[in-house]
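Take the sequence shown: its position 361, counted from the start at 1, is 361 in UniProt numbering, and no numbers get skipped.
Note that CB positions come from ideal geometry on N, CA and C, so glycine has one too.
In this text, all values refer to a predicted model and were calculated from it rather than measured experimentally.
A short write-up of the structure that comes next.
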Amino acid sequence: SFLLEDGESFGQGRDRSSLLDDTTVTLSLCQLRNRLKDVGGEAFYPLLEDDQPALPHSNSSNELSAAATLPLIIRERDTEYQLNRIVLFDRLLKAYPYKKNQIWKEARIDIPPLLRGITWAALLGVEGAIEAKYDAIDKDTPIPTDRQIEVDIPRCHQYDELLSSPEGHAKFRRVLKAWVVSHPNLVYWQGLDSLCAPFLYLNFNNEALAYACMSAFIPKYLYNFFLKDNSHVIQEYLTVFSQMIAFHDPELSNHLNEIGFIPDVSAKVLFIVLIHYADVFPLHKIFHLWDTLLLGNSSFPFCIGVAILQQLRDRLLANGFNECILLFSDLPEIDIERCVRESINLFRWTPKSATYRQYAQPPRQAPDSSGTRSSLSCLSADYQEAPRSDLSRDSIKLDDLKAEVCPRISAEDLIDLCELTGPSHSKTPVKKTKPSKPKLLVVDIRNSEDFNRGHISGSINVPFASAFTAEGDLIQCPATATLQSFKGRVVVIVGNAVKNTAAFAAHLVKNKYPRVCILDGGINKIKPTGLLTVPSPQI
């Protein structure tokens, strides 16, 4: 400002939003009281032990039931609906971890925005003396990473008034520094601030909880991604992601491979966008996406990635390498509700062992005396957590994994999906009695002599040597007609030689067959189970 001797001043006035304003504004609660006057008293005391419906009863229960079917963005603005959800979640969270399973079940419907931060913490399994642990971390002593943190913070979600405020920057700095100091075996990567942002925003007045959530999230979904030498972890992750694209959308996979967009360097672009979408999407979209992500296991991000690609499918199929790179550098609008629905559907179609990674988080050895984890759905249980057996998937070299277009599944998954049962001493498999459509088709590519000596019940024989023409098309015969009729359902390729099964599966992907996978270990994994059957001799 320019001030004259007579006191007259010139210059631009200060923005009042940056100044302290101690004005007290009294908000009337009359409108809220009128809105909630018809809510029954029982809505404030939901029963947790009964087999209750998803929503508590009230005088306007019909309206509540109708509200539950509305889009999420509308439900979050419905006062009466939110009252019921907040009261229910408040009681469940006070009973955490005893009520962890029920919190998980209710979170599948939706999570009230007011309690999203603490609900996420419960879903991530945060417990213990988190305040004391956070306070004990040295967040003041200068470290080499300080400079990079200072550069990243002013670029992270700065459209948000909370995170862009001086206090927001200070909290960002402390939480990120606490994570770096408390994980000396890991290094700070650009993008870590974007993973921190949702947790800090939701727990702005509780840095310890934001730190605890971030510390629980990273080992579950990004295990060892922040190692100094993380190339093996990243390469395996990208390879499995490429296999998931081929599994769910072979046409898109073929196109991306033809233009050179999948291998190595280009896949890293996909990785940055799809795994670190925390930096790409605005916060309100991240919240709705992560509400679902945190319900799933460590392989769920693959399904979210494929769901995002499928929304961009038409543009990707119509463009070449350079245009696809530009598309991902300026990501168009993504319908998050559709992404969530489709990712759940993709997850349900994916056999548990298809996303197995040897560099994923190893199973936790902590005793589970409370029983709170035992009955969680397979959606949240990792394949690595299951007890290993001779029928489990084996680890293979990364180069071998990268050479295979389609994912492998374990013999356990195959037996479960084929619904084969029977005592171990029996030589004849027994189908489960409940009537149901076949979930998959087993294609045995061994020669007919080996097939007739013993094969999986319900499988068809398409010998590899005579299955395809020189152009790579399927040769027509009764067995391939059956295979075509199963197009769209899971197809498992079984054989003796790994190269042949991988090549057969790759040919099917070229022919745009979705949901194709190969049996890990081949037919030899099934032989010891006594589940192979021998056809009756023709008389």
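- Annotation: the continuous alpha helix (DSSP H) that includes leucine 326 extends over 321-329.
- When the alpha-carbon of phenylalanine 10 is set against those of Ser1, Arg16 and Ser18, the nearest one is in Ser1.
- Taken in chain order, the complete alpha helix (DSSP H) segments of 4 or more residues contained in the region 45-132 are 61-68, 72-75, 79-94, 100-107 and 116-123.
- DSSP links cysteine 517 through a beta bridge to Val492.
- Taking the Cα of leucine 32 as reference, the smallest distance to any Cα among Arg388, Gln82 and Pro282 is reached at Gln82.
- For the pair arginine 313 and serine 253, the Cα-to-Cα distance works out to about 10 Å.
- Taking a cut-off of 8 Å on C-beta distances, the region 299-306 does not touch the region 105-124, as fewer than three cross pairs fall below it.
- When rounded, the separation of the alpha-carbon atoms in glutamate 150 and histidine 183 is 19 Å.
- Of the candidates Arg147, Leu200, Gln158 and Phe328, the residue whose Cα lies closest to the Cα of phenylalanine 172 is Leu200.
- Burial check for histidine 284: the Cβ neighbour count within 10 Å stays below 16, so the residue is exposed.
- If you compare the alpha carbons of Ile286, Tyr237, Pro250 and Tyr159 with that of proline 113, the shortest gap goes to Ile286.
- By the beta-carbon neighbour count (other beta carbons within 10 angstroms, threshold 16), cysteine 477 is exposed.
- Around the C-beta of glycine 7, fewer than 16 other C-beta atoms lie within 10 Å, and the residue is accordingly described as exposed.
- Here histidine 288 is near isoleucine 336, since their CB atoms are less than 7 Å apart.
- Nearest to glutamine 361 by C-alpha distance, out of Glu385, Ala470 and Leu346, is Glu385.
- Residue state for valine 442 is assigned as strand, using DSSP reduced to three classes.
- Under DSSP, no beta-bridge partner is assigned to threonine 24.
- In this chain, arginine 155 is not harboured by any alpha helix (DSSP H), its DSSP state being neither H nor E.
- Contact between leucine 508 and valine 490 does not hold, since the beta-carbon distance rounds to 12 Å and is not under 8 Å.
- Histidine 169 sits in a helix when the DSSP states are folded into three classes.
- For arginine 14, the three-state secondary structure derived from DSSP is coil.
- Put simply, of Val240, Val462 and Asp450 the residue whose alpha carbon is nearest the alpha carbon of valine 442 is Val462.
- Take leucine 398, set aside five residues on each side of it, and the residues of its chain with a beta-carbon closer than 8 Å to its own are His232, Gln235, Glu236 and Thr239, in chain order.
- For the pair leucine 162 and glycine 41, the Cα-to-Cα distance works out to about 36 Å.
- Here the C-alpha atom of aspartate 520 lies approximately 24 Å from the C-alpha atom of serine 485.
- Taking the Cα positions, threonine 529 is about 13 Å away from serine 457.
- Checking the DSSP bridge columns, you'll see isoleucine 456 partnered with Leu532.
- The beta-carbon separation of tyrosine 211 and tryptophan 189, rounded to 17 Å, does not stay under the 8 Å limit for a contact.
- Between aspartate 138 and valine 87, the C-beta spacing is not below 7 Å.
- With a contact defined as Cβ atoms closer than 8 Å, glutamate 207 and arginine 174 qualify at about 6 Å.
- When DSSP states are grouped into helix, strand and coil, asparagine 461 belongs to the strand group.
- In this chain, the alpha helix (DSSP H) harbouring isoleucine 523 covers 523-526.
- For phenylalanine 204, the three-state secondary structure derived from DSSP is coil.
- The closest CA to that of aspartate 90, considering only Lys105, Asp78 and Leu115, is found on Leu115.
- Assigned with DSSP and collapsed to three states, isoleucine 308 falls in helix.
- The beta carbon of serine 165 sits closer than 6 Å to no other beta carbon from its chain once the five residues preceding and following it are set aside.
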